[in-house]
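Scroll down for the structure; my scribbles are underneath it.
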Amino acid sequence: MVVRPYNDELKYLEKISDHCWRIKKGFQPNMNVEGCFYVNSRLEQLMLEELKNACRPGAVGGFLPGVKQIANVAALPGIVGRSIGLPDIHSGYGFAIGNMAAFDMDDPLSVVSPGGVGFDINCGVRLLRTNLYEKDVQPVKEQLTQSLFDHIPVGVGSKGIIPMNARDLEEALEMGMDWSLREGYVWAEDKEHCEEYGRMLSADPAKVSSRAKKRGLPQLGTLGAGNHYAEIQVVDEIFDKWSSSKMGIEEKGQVVVMIHSGSRGFGHQVATDALVEMEKAMKRDKIETNDRQLACARIHSVEGQNYLKAMAAAANFAWVNRSSMTFLTRQAFAKMFNTTPDDLDMHVIYDVSHNIAKVENHIVDGKERQLLVHRKGSTRAFPPHHPLIPVDYQLTGQPVLVGGTMGTCSYVLTGTEQGMQETFGSTCHGAGRALSRAKSRRNIDYKQVLGKLEEMGISIRVASPKLVMEEAPESYKDVTDVVDTCHAAGISKKCIKLRPIAVIKG
Amino acid sequence: MLKLKLEALGHPTPNDVVLSNRKEFASTVLWLEDQKIRLYTIEDRAMLRNLDDMKVWEEGYKKYCADLNMPSLETQIEQLTWMLGHAIRLEFLDDPGQYEAFNSEEWGKQDNKKKLTPAPKIQAIFDGKINVQDKDFISGVRALANKLNVPHHPNHLLQLEAVARIVHERLSPAAKNRKPITGTPFPFEKGNDIVSVNDPALDYPMRILRLLQIQSLRELQTQINETIVSVQDLTANPKTDTKLGKVGF
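Which chain is which? The protein sequence lines are A and B, in order.
If you number the first sequence the way this note's numbering does, the last residue is 507 and the count never jumps.
If you number the second sequence the way this note's numbering does, the last residue is 1316 and the count never jumps.
Laid out in C-alpha cells, this is it:
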C-alpha cells in the first residue's frame, strides 16, 4: 500500500454528487478503472476517518481501509466499469464487504477472486410473510420464540434436525432448492421467488473437497453464528404501497419472518481450499495484485473454473439450508397457531444472496457484454422488466431484503433502472460494521445488550450470549443511513420498513 | 398513433387535431377526402363540404361511410383511424415501387438479424379442410368480429385469432366459472417503469404489451408450479429427527 499523508490521499478522492465519491486512478498502483463509493454525510465521516487512521505513521496490522480496498480491486485484471463501494462498506478479506466489481468474460486475462465473494458463500436473507398481525402474535410471543429456537438449531457447531446422509448431500449440492422441492420441504412457489430460482446450474460437487462436505453434512438446516439470525418482524412503515401489496404486504403491523443465513462451514472450507489453489495459479500465470489477500485466478483457467463450480455448489448448499429453515419455521408457526402453513399464507416474499459471483449480461459503453459480477456484501437489485426476476415482480422491480442489526430495523427495497446503469444492478446488503468484532467485545457488555433488547420488548434466544456484543447495534452503522443513501442515490427504492419483535441468534 | 398517421399523410397541423370536437372531425374527414381518398368527384363532395350546416354534413357523412365500405365502427376515433389507414393504403398503392425498400426483410438485413414472418396459426388449423380465402368465410369472420367488438384488421385470419382468444378467455365455460379477481386495481400507467415520458403514443401501448407479456409468463409459471406439485406428490417425504439436533455454544 502506498503510504501518503492524509491530505495527499484526499487529492485522489472527489465528491461527484451528494451521495457519490470518485476514487481517481493513482490512489493505489496499477488501477485499471476508477473506483467510487456511495455515502451520505454521516457515513462519509466514518469512511474518511478510517482512511485517516490508516495514514497515521506506524499504523500497521488489521485490514486495509475500505477505500484502499476498493482501489486495489480496481487494479485487478479484466475489471470493467468501476469498482463500486456501497454505503454499508467495511474492510474485509481482500475485497471490502460492500464492494462489487464486474469482470469481462470475453477478456482472457479476467479473473475470479474468492475474496470478492467472501467466506460465507451465498450468505443471504429470506423473507416469509404471514397473514398474522402483531396483536395475534404479542400474547404468545415468548412461546413462539422458544418454539422457533427449538426447531432451528443455532450457534457455532450446531447440528440440524433434518436427517441427511452423504448421498443426500451430494444431490443437494447439485440440485440446490430443487432437492428441497423433491423431498417436499418447500413449496413450488418458493422456488419462483428465489434469486437464480434457488439453483446454480454450474454447480459440480466433484470440485468440492471431502473436508468441506464433511463439515457441511451435519450443518444443513442450522442457522449458524456470527451475524446470522432469524427474526419475527412486524411491518413498521410502508413507503411504496403498490409494490408492497405485490409482495403480499397490505398493512402496518403484519407479521413476517426474516431468515439470515449462509453456507456455514461448507462455504468457508470451499473458499479456503480455493485460496490455496489460486496462490499457485497466480505464480504460474504471473498475476500481480496490490494485496496478497486478493488471491485470484483467470476465469477460464482450471483453478478459476474449479472455484466457480465449487462456489455454485456452496450457493446451492445455502439455498437448501435456508429452505430447510423455512420448513422448520412453517412447522413452528403451524404448531403454535394450530393450523397449517398454507392457512397462515406463509409464502416466501423473496430470497437474496449477499455473497456471490454470477455471470450476467450488462450494457457497458452502449454494448451488451457478458460479465462475471462479484457481489460481496452487496445485493442484486434488478429493475422492473428484467428477464431474470420473477414474473410477480416484473412491474415493481426485484425485492431487495436488507437485514438490519440485531434489535434494529430491516428494510425491503426494490431495484431501479438507475441502479442497473450505475452499479450493475447492485445495492447495499445491511448495516455494515463500524467496530471490529474484537473491539466490540472489549467495549460492550453482553448483559447490557440483552437488557436493552428486553427493554424494547424484543424476545431473544441466543446460543452463545457472550458473543452477542459483537452483534450489538453499537458495533454497526445505522441501517437507516445506509438505506436512505441507496434511496437518495437512486440505486434502489425504499418499499417497506420492518421492526423486530423476536430474535433468535447463534 | 393518429398523429403519426396524419404526419405521414402530410396533414398541415397534425398536432392540433382535437378529436372531441365534431366540427374538427368533419374538417379532417373533408381534408382526407379532398387530398387523399378522392372517392367522389368534386361535385359530389358538396354535402361533405357543408361544414356550416352540420345536419347536412352528417347526412353526407353517413352516405360517405357506406360508400367507403367502412365497417360499422362506433366511435369517432375508430372511424378516423380506419379512414387514415384506408388513405395510407391508397397512397401506398399509387406507387408501391417507391416503398419497396421498406419491408421487414430489408430492415432485418440492416439489423443483421434474421426475422421470420410467422404464418397465422389459424391457417394451419383449417389447412385443406376449409378454403379460408372463400368470400363466405371472410364475411362470416367479419360478422363474428363485429358481434364481439373485435377491431377491424385487414387480415381476416388475424381477426379470427383475436375472436378465438376472446371466446376462450371470456366466453368459454371455464372462463365463466372463474372467480372474479379480487384486490385493489392499480392504474397501470403509474408503475415504477417509465417507457417514455414525452410520448404517450409509445408509452401507452408499450405498457399494455408488457402487461400481456407478464400475463402469459404468469400462466407459464403457474403451469411449471403445477407440474412441480404433481411430481412432489410422488417424491416428497419430509422428515425431521429432533434427536439429531444440537444447539451450539
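For every residue, glycine included, the Cβ atom is placed at its ideal position computed from N, Cα and C.
Closest by C-alpha distance to residue i, when choosing among the options
| i | options | result |
| --- | --- | --- |
| Gly-305 of chain A | A:Gln-29, A:Gly-117, A:Arg-57 | A:Gly-117 |
| Lys-494 of chain A | A:Gln-399, A:Leu-87, A:Asp-137 | A:Gln-399 |
| Thr-417 of chain A | A:Pro-384, A:Arg-434, A:Ser-437 | A:Pro-384 |
| Val-257 of chain A | A:Leu-402, A:Arg-293, A:Gly-125 | A:Leu-402 |
| Glu-423 of chain A | A:Gly-156, A:Val-504, A:Gly-367 | A:Gly-367 |
| Lys-215 of chain A | A:Met-32, A:Val-271, A:Ser-246 | A:Val-271 |
| Glu-184 of chain A | A:Phe-328, A:Val-450, A:Val-463, A:Asn-132 | A:Phe-328 |
| Gly-1 of chain A | A:Gln-255, A:Val-483, A:Asp-446, A:Leu-221 | Residue 1 of chain A lies beyond the range of chain A shown here (2 to 507); nothing can be said about it. |
| Met-1137 of chain B | B:Gln-1143, B:Lys-1214, B:Met-1150 | B:Met-1150 |
| Ala-335 of chain A | A:Ser-114, A:His-152, A:Phe-28 | A:His-152 |
| Glu-471 of chain A | A:Ala-464, A:Val-360, A:Leu-436, A:Glu-455 | A:Leu-436 |
| Ala-226 of chain A | A:Pro-115, A:Lys-287, A:Arg-265, A:Glu-51 | A:Arg-265 |
| Gln-1143 of chain B | B:Lys-1130, B:Ala-1241, B:Lys-1090, B:Arg-1116 | B:Lys-1090 |
| His-194 of chain A | A:Val-392, A:Val-469, A:Cys-487, A:Leu-451 | A:Val-392 |
| Ser-92 of chain A | A:Val-68, A:Asp-169, A:Asp-121 | A:Val-68 |
| His-348 of chain A | A:Gly-177, A:Ser-210, A:Ala-189, A:Gly-36 | A:Ala-189 |
| His-1078 of chain B | B:Asn-1088, B:Ala-1093, B:Lys-1103, B:Asn-1292 | B:Lys-1103 |
| Pro-1254 of chain B | B:Ala-1241, B:Pro-1240, B:Pro-1247, B:Tyr-1271 | B:Tyr-1271 |
| Asp-585 of chain A | A:Ser-111, A:Leu-14, A:Ala-55, A:Arg-130 | Since the displayed chain A opens at 2 and closes at 507, residue 585 of chain A lies outside it and no answer follows. |
DSSP three-state assignment for residue i, whether helix, strand or coil
| i | result |
| --- | --- |
| Ser-460 of chain A | strand |
| Phe-1204 of chain B | helix |
| Leu-1115 of chain B | helix |
| Tyr-1271 of chain B | helix |
| Thr-1184 of chain B | Note on Thr-1184 of chain B: pLDDT 48, under 50, position unreliable in the model; no value is reported. |
| Leu-1071 of chain B | helix |
| Trp-22 of chain A | strand |
| Phe-104 of chain A | strand |
| Gln-294 of chain A | coil |
| Asn-132 of chain A | strand |
| Leu-87 of chain A | strand |
| Glu-251 of chain A | coil |
| Thr-1095 of chain B | helix |
| Glu-232 of chain A | strand |
| Pro-501 of chain A | strand |
| Lys-494 of chain A | strand |
| Ala-226 of chain A | coil |
| His-363 of chain A | strand |
| Ile-205 of chain A | As written in the sequence, residue 205 of chain A is Asp, which differs from the Ile given in the question. Of the three classes helix, strand and coil, the one that applies to Asp-205 of chain A here is coil, per DSSP. |
| Tyr-1166 of chain B | helix |
| Met-32 of chain A | coil |
| Val-1298 of chain B | helix |
| Val-403 of chain A | strand |
Integer Cβ distance of residue i from residue j, believed to fall under 8 Å
| i | j | result |
| --- | --- | --- |
| Thr-330 of chain A | Ile-260 of chain A | 7 Å |
| Gly-86 of chain A | Tyr-39 of chain A | 7 Å |
| Leu-1135 of chain B | His-1153 of chain B | 7 Å |
| Thr-223 of chain A | Val-155 of chain A | 7 Å |
| Ile-497 of chain A | Val-236 of chain A | 6 Å |
| Arg-370 of chain A | Val-353 of chain A | Rounded, the Cβ-Cβ distance is 24 Å, inconsistent with contact. |
| Ala-490 of chain A | Cys-21 of chain A | 6 Å |
Neighbour list for residue i in chain A, Cβ cutoff strictly below 7 Å
| i | result |
| --- | --- |
| Pro-1305 of chain B | Glu-184, Gly-185, Tyr-186, Phe-328 |
| Val-1296 of chain B | Ala-189 |
| Gln-1299 of chain B | Leu-182, Gly-185 |
Under 7 Å by beta carbon: chain B residues contacting residue i
| i | result |
| --- | --- |
| Gln-395 of chain A | Ile-1281 |
| Ala-298 of chain A | Going along chain B, no residue has its Cβ under 7 Å from Ala-298 of chain A, so there is no contact; the nearest lies around 34 Å. |
| Glu-252 of chain A | Those do not exist, as Glu-252 of chain A stays about 12 Å from chain B at its closest Cβ, beyond 7 Å. |
Neighbour list for residue i in chain A, Cβ cutoff strictly below 9 Å
| i | result |
| --- | --- |
| Ile-1275 of chain B | Within 9 Å Cβ-Cβ: nothing; Ile-1275 of chain B doesn't reach chain A, min ~13 Å. |
| Asp-1308 of chain B | Ile-162, Ile-163, Pro-164 |
Chain A residues whose Cβ lies nearer than 8 Å to that of residue i
| i | result |
| --- | --- |
| Asn-1265 of chain B | Simply none; closest approach about 17 Å. |
| Gln-1302 of chain B | The sequence given here has Thr at residue 1302 of chain B, not Gln. Going along chain A in sequence order, the residues near Thr-1302 of chain B (Cβ under 8 Å) are Arg-183, Glu-184, Gly-185. |
Within chain E, partners of residue i - CB distance below 7 Å
| i | result |
| --- | --- |
| Val-392 of chain A | Of the protein chains in this structure, namely A and B, none is chain E. |
Interface residues of chain B facing residue i [CB-CB closer than 9 Å]
| i | result |
| --- | --- |
| Glu-171 of chain A | None at all; the shortest Cβ gap to chain B is about 17 Å. |
| Glu-193 of chain A | Gln-1288, Ile-1291, Asn-1292 |
On the three-pair Cβ rule with 8 Å, is the region 274-284 of chain A touching the region 99-108 of chain A? no
Check whether the region 132-145 of chain A touches the region 361-376 of chain A, taking contact to mean three or more Cβ pairs, one atom from each stretch, closer than 8 Å. no
Quick check: the region 157-175 of chain A against the region 1305-1313 of chain B, are at least 3 beta-carbon pairs closer than 8 Å? yes
Any 3 or more C-beta pairs closer than 8 Å across the region 310-317 of chain A and the region 195-207 of chain A: yes
Between the region 284-301 of chain A and the region 338-347 of chain A, can you find at least three pairs of beta-carbon atoms closer than 8 Å? no
Across the region 66-81 of chain A and the region 23-32 of chain A, are there enough close Cβ pairs to call them in contact, namely three or more that are closer than 8 Å? yes
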